[in-house]
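A quick write-up on the structure given underneath.
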Amino acid sequence: TLDMLATRAPRAPSLGTDDDNAFVAVTESFASLDVADDVERAARAKRFASDDRLLDAARAWRATSTDAAATTSKVDVDTDDALASIVRTASDAERWIAQLKEPATSARGWLRQRSALASSLALLSSNAAASNAKRARTRIYYKCETAQTLAVRIETVITRDLLVPLLSCLNESELYASWLPKWTTPTRLGVRESVKVDQVGRCSQLVVITCDCPWPLETRQVVLNAVAFDDIETLGDIGVLLQTRDCADDDRVPPKPHDEDVTRIDVDGGFLFRRVPDGWANAEGEDPCVDVGEDDILVSFGYTVDPKLEYIPNWLLNFIVRTVIGTLWGAFIQVAEDVRDGKRPEHASVIQEKRQTLYNWVDARVARMLARP
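Taking the working numbering, the leading residue of the sequence shown gets 513, the next gets one more, and so forth.
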């Protein structure tokens with residue numbers, strides 16, 4: 513059962529926390545690579561990956577000093593499972609980085625959703641001015657690329673002191689059900705249970721999330737593999753790749769429950785954290801965001817979901833687009849603010865417990881991000 517899986521001991525972090533060597537891989541410059549030998553390229557790629565530098569790992573493997581080195585490789589990526597996983601996952605992460613950095617324009621099929629955001633932020637703000645200020649810092653878009661899929665894009669500017677609390681909300685997946693909103697009217701919808709099946713390194717993990725759905729739909733379940741990556745040294749980004757896993761491609765995935773009809777859905781998405789780009793605050797067609805600070809961070813989140821329906825009914829699509837997306841995101845930001853302000857003792861306890869192994873590292877990497885020219 514999922515409860516049994518939740519008691520598994522997590523894997524040990526990839527690196528120790530000794531101050532003298534914790535950031536050795538981070539300070540190793542990708543630009544200094546001498547890649548004449550493919551065995552060394554593979555070894556360097558794995559060292560980068562062990563320190564969450566997924567994209568530098570892929571760059572190290574792809575780099576070749578001569579055409580001959582590429583054609584006489586002593587390492588076969590097709591038979592080296594670890595290396596193949598690095599290259600494949602990095603390619604998916606690069607795809608999402610490109611998507612999240614391109615403007616979400618109507619020419620690309622994106623529709624701007626304002627009503628959901630306005631209603632959710634109005635509930636979370638003490639006055640109209642605060643609500644308007646929060647709304648200017650968040651933008652929500654969506655599109656239906658096919659009759660069976662929904663794509664969502666959200667961007668929010670946060671202050672620097674909100675990043676660790678926000679990452680704790682993401683990383684502490686066992687607590688999702690304690691704060692994610694649930695609906696009983698006009699339809700039943702919400703997270704029933706979230707179970708971390710496996711922890712890999714500092715903050716990558718495999719999570720099983722079970723959601724109640726409106727009748728006559730079966731309960732939906734998603735098995736998400738979250739892979740965090742640090743690309744600050746090269747492009748100035750931190751990100752998390754979110755992808756579905758199933759029993760056929762990952763032996764960590766538990767079987768579906770036998771005592772309930774459950775449909776597993778597909779999700780492909782990612783988070784990106786970076787300095788607020790020039791021009792974002794005054795993008796054409798958007799409410800101007802006049803209070804963006806020098807140390808503020810842009811959080812971009814995008815995903816495509818296939819709920820395993822022949823088509824998404826209009827009533828369900830409208831409810832998700834007009835109510836669910838904005839409410840969930842508003843709750844996410846509000847809970848992060850509560851964590852920052854000391855109002856969420858469960859999250860505060862976990863942050864303190866993981867301060868040395870994770871959150872001090874996050875603070876150091878964010879300082880590096882904001883110090884880059």
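We put the beta carbon where it would ideally sit given N, CA and C, even for glycine.
Give me the DSSP bridge partner(s) of Lys655. Ala663
Could you give the uninterrupted runs of the beta strand (DSSP E) lying entirely in the segment 755-783, keeping only those of 3 residues or more? Within the segment 755-783, complete beta strand (DSSP E) segments of at least 3 residues are found at 774-776, given in chain order.
Here's the rule: buried if 16 or more other CB atoms are within 10 angstroms of the residue's CB, otherwise exposed. What is His770? exposed
DSSP three-state assignment for Gly751, whether helix, strand or coil: strand
Thr671 (DSSP reduced to helix, strand or coil): coil
Using the DSSP secondary-structure output, state which residues sit across from Lys694 in a beta bridge. Gly702
Enumerate in chain order the residues of its own chain whose CB-to-CB distance from Thr668 is below 7 angstroms, with the five nearest sequence positions on each side excluded. Arg649, Thr650, Val811, Ile845
Considering only C-alpha positions, which residue in the set Ala610, Phe741, Ala659 is nearest to Ala570? Phe741
Count Cβ pairs between the segment 783-802 and the segment 756-771 that sit closer than 8 angstroms; are there 3 or more? Segment contact: the segment 783-802 against the segment 756-771, fewer than three CB-CB distances shorter than 8 angstroms; contact not assigned.
So for Asp592, helix, strand or coil by DSSP? It is coil, neither helix nor strand.
Rounded to the nearest angstrom, how far is the Cβ of Asp692 from that of Val709, given a contact under 8 angstroms? Rather than Asp, the amino acid found at residue 692 in this sequence is Leu. With a Cβ gap of about 19 angstroms, Leu692 and Val709 do not count as contacting.
Looking only at its own chain, which residues have a Cβ that is under 8 angstroms from the Cβ of Gly748, when we skip the five neighbours before and after it? Arg786, Arg787, Met881, Arg884
Assigned secondary structure, Thr839 (DSSP; H/G/I helix, E/B strand, else coil): helix
Return the residue from the list Val720, Ala616, Leu870 that minimises the CA-CA distance to Gly713. Leu870
Boundaries of the alpha helix (DSSP H) in which Asp818 is found, first to last residue: Asp818 -> not in any alpha helix (DSSP H); beta strand (DSSP E) instead, spanning 809-818.
Rounded to the nearest angstrom, what separates Phe560 and Ser861 at their Cα positions? 30 angstroms
Indicate the three-state DSSP secondary structure (helix, strand or coil) for Val833 in the structure shown. DSSP places Val833 in the helix class (H, G or I) of the three-state scheme.
Tell me, please, which residues DSSP counts as bridged to Asp724. Gly702
Let's test the definition: count the other Cβ atoms within 10 Å of the Cβ of Leu855 and tell me whether it reaches 16, buried, or not, exposed. Checking the sequence shown, residue 855 turns out to be Lys, not Leu. Around the C-beta of Lys855, fewer than 16 other C-beta atoms lie within 10 Å, and the residue is accordingly described as exposed.
Can you tell me the Cβ-Cβ gap for Ile863 and Ser680, rounded? I've got them flagged as a contact below 8 angstroms. 5 angstroms
State the DSSP-derived secondary structure class of Trp873, mapped to helix, strand or coil. helix
Where DSSP assigns a beta bridge to Leu718, which residues make up the other side? Asp710, Asn737
Just verifying my parser: in three-state terms, what is the DSSP assignment at Asp927? The shown model of the chain, from 513 to 885, leaves out residue 927, and the question about it has no answer.
So Arg649 is in the alpha helix (DSSP H); what residue range does that whole segment cover? Careful: Arg649 lies outside any alpha helix (DSSP H) and carries neither H nor E.
Ser701 and Val719: beta carbons closer than 8 angstroms? Checking the sequence, you will find Leu at residue 701 rather than Ser. Not closer than 8 angstroms, so no.
Hey, Leu612 and Leu754 are a contact pair by Cβ (cut 8 angstroms); roughly how many whole angstroms apart? About 12 angstroms; that fails the 8 angstroms criterion.
Using DSSP bridges, identify the partner residues of Phe785. Ile750, Val811
Exposed or buried, what is Val878 when buried is set at 16 or more other beta-carbons lying within 10 Å of its beta-carbon? buried
Selected residue, minimal CA-CA separation from Val804, among Thr697, Arg764, Thr671, Glu849: Answer by Cα proximity: Thr671.
Using 8 angstroms as the threshold, is the C-beta distance between Glu806 and Val774 below it? no
Look at Ser685 and Gln717 and say whether their C-beta atoms are less than 8 angstroms apart. yes
Per-residue DSSP class, three states only, for Thr617: coil
Sorted by chain position, which residues of the same chain lie with C-beta nearer than 6 angstroms to Arg776's C-beta, five sequence neighbours on each side aside? Excluding sequence neighbours, Arg776 sits near Gln733.
Sub-8 angstroms separation of Val817 and Thr661 beta-carbons: One thing to note: Val817 has its Cβ within 8 angstroms of the Cβ of Thr661.
Measuring from the CB of Gln846, is there a heavy atom of the ligand FAD at a distance below 7 angstroms? With respect to the ligand FAD, the structure shown offers nothing to examine, as it has no ligands at all.
Where does the unbroken alpha helix (DSSP H) through Val884 begin, and where does it stop? For the sequence presented, residue 884 should be read as Arg rather than Val. Run containing Arg884: none; DSSP gives neither H nor E here.
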